Every structure is written in structure tokens, then in C-alpha cells.
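Accompanying notes for the structure given below.
Residue numbers (the numbering used here), protein chains in the order written: chain B, 217 to 332; chain P, 184 to 295.
Dropping the structure here:
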């Protein structure tokens, strides 16, 4: 138990569906992250939220829409995805991005997404 | 190109042997971290070494950092079958505001 919970753990969706991934952290952290992990590729940072404000958007297609309503919750809304978007989506949290923080990440177990 | 690159990409050893994997990076860092991932699961933080440190130990893990060569190594001593996993290095670069950039990982198989 890392203190970061992701739901659902597995999701299968069609290309025209709309679904959402949810992440919740119980660690009192103020930064949250979405990473994408595809086969044979390094982890790709998608979005970063610090103090509920988006501070990073790594050229992610608009069919992925993040939402951070408070410092404990992070969502990834999915709309009209492509089969190549099939991957393991990992949420993480950290104490913060301010100077002096270590940047150590605490990960959830991931949401395995399959787009048909 | 990615900031951290692990070598080798895959490693197979017998239980009880040591496993060594290396990580090279390109830009100045604040710290370097190693993570472990069991198949299909999330990553778990193992150890962090700061740019002004040269070596760190945690249980059976030993990490070294050579900032002049921009490289780090992770040594797992007396390996166990339960050590079978993928191991990733991640760098917190000064220019990136401490956000972590991950390498492609080393897949380690420890045979009983």
C-alpha cells in the first residue's frame, strides 16, 4: 500500500467512448502526476499538478483531459481514444516541486487501458 | 533523447549472485533515484542519491554516483527470486525543476 489509489485497475473502451481514470492520494502531498507507460518505451510524463494548478503538459493530445479538483484527487478524462493509446497509466504524488524537495514519487498501481 | 538510459536492458542471474545495472544521463542533476516495478504494477521508490553524494546503501542495495561521468550504478547483493522485476533510474534535473525523467529500465530475472 503506497498511499496512492488508482481506479479502475483495468479498463477496456471503444474509440468512441468517454471514460475517466481516478487517482487519490492519502499522503498529504501537494503535487500529482500522470505518467503513461507503453511497452518497450520509457515512462512518459503527461501532466503535473502542483497545488492544484497544472504546471506541465507534455504535448499530450487533447483527447486526454486532466482534472485536479483538490490536492488529494486527480482525474484523467478520456475521449475518442486511439488503439495506440492502450497503455498502463500511472498516477504519482510527491511532496512538491519547490526547490529543496527531493522529488521522490509515490506511485499507484496503475490503470491498464485497452482501446479497441 | 531520454535523460536516463539503463544498461543492460535485461539481466538474468542465479539466486545468490549479485546484479549490477548502470544508468547514464546527460544534464546536471539535483538527485538520481532508482525505482523497482513488478510486472504490471506501479513503481516503488528504492533509493535516492544526491548530486553531492558518491555512494549510498539500503539493505542489500548499493548505489553509486559519478557526476563527472554522469553515471550511476545499482548493485543488488545476494539476489533472491523475489528481486525479479524491472529497475528504473530517474533523474531530477536542475533545468527541469526537479521533475523526474525516467530511463527505459533494466529487466532483471533471478532464477531460483
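For each residue, glycine too, the CB sits at the ideal point set by N, CA and C. For clarity, every value in this text was computed on a predicted model and none was experimentally measured.
- prompt: When the distance is taken between beta carbons, is residue 241 of chain B closer than 8 Å to residue 220 of chain B?
  reply: Residue 241 of chain B sits close to residue 220 of chain B, with the two beta carbons spaced by under 8 Å.
message: Check whether chain P comes within 8 Å of residue 263 of chain B, counting only Cβ atoms and requiring the distance to be less than that.
response: no
query: When you check each C-beta in the stretch 186-207 of chain P against every C-beta of chain B, which residues fall closer than 7 Å?
result: none
message: Please list, in chain order, the residues of the stretch 283-294 of chain P that have any C-beta partner in chain B closer than 9 Å.
response: 283, 284, 285, 286, 287 and 288
query: I think residue 223 of chain B touches residue 235 of chain B, with their Cβ atoms under 8 Å apart; what is that distance to the nearest whole Å?
result: Not confirmed; about 11 Å, so no contact.
task: May I have the straight-line CA-CA distance separating residue 309 of chain B from residue 264 of chain B, to the nearest angstrom?
output: 9 Å
- request: Give a yes or no on whether the minimum CB-CB distance between residue 235 of chain P and chain B is below 8 Å.
  value: no
Cβ-based burial, residue 301 of chain B [other Cβ within 10 Å; buried from 16]: buried
- prompt: Hey, would you say residue 271 of chain P sits closer than 8 Å to residue 226 of chain P, going by beta carbons?
  reply: yes
field: Buried or exposed (CB count within 10 angstroms, at least 16 for buried), residue 327 of chain B
entry: buried
- prompt: Counting pairs of Cβ atoms below 8 Å between the stretch 269-289 of chain B and the stretch 188-207 of chain P, do you hit three or more?
  reply: no
query: Contact check, residue 286 of chain P vs residue 192 of chain P under 8 Å by CB: the rounded distance?
result: So it is not a contact: roughly 10 Å between Cβ atoms.
task: Show which residues of chain B have a CB atom less than 8 Å away from the CB atom of residue 224 of chain P.
output: 325 and 326
query: If we ignore side chains and look at the alpha-carbon of each, how far apart do residue 202 of chain P and residue 250 of chain P end up?
result: 22 Å
query: Name the chain P residues that come within less than 8 Å of residue 218 of chain B, Cβ to Cβ?
result: 225 and 227
task: Can you grab the Cα-Cα spacing for the pair residue 201 of chain B / residue 261 of chain P, in whole Å?
output: Absent from the model: residue 201 of chain B. The displayed extent of chain B is 217 to 332, so no value can be given.
- prompt: Any residues in the stretch 232-245 of chain B with a beta carbon nearer than 9 Å to a beta carbon of chain P? Which ones, in chain order?
  reply: Residues of the stretch 232-245 of chain B that bring their beta carbon within less than 9 Å of a beta carbon in chain P are absent altogether.
query: Just how far apart, CA to CA, sit residue 259 of chain B and residue 199 of chain P?
result: 30 Å
Backbone CA spacing between residue 332 of chain B and residue 303 of chain B [nearest angstrom]: 12 Å
- prompt: Who are residue 189 of chain P's beta bridge partners in DSSP?
  reply: P/206
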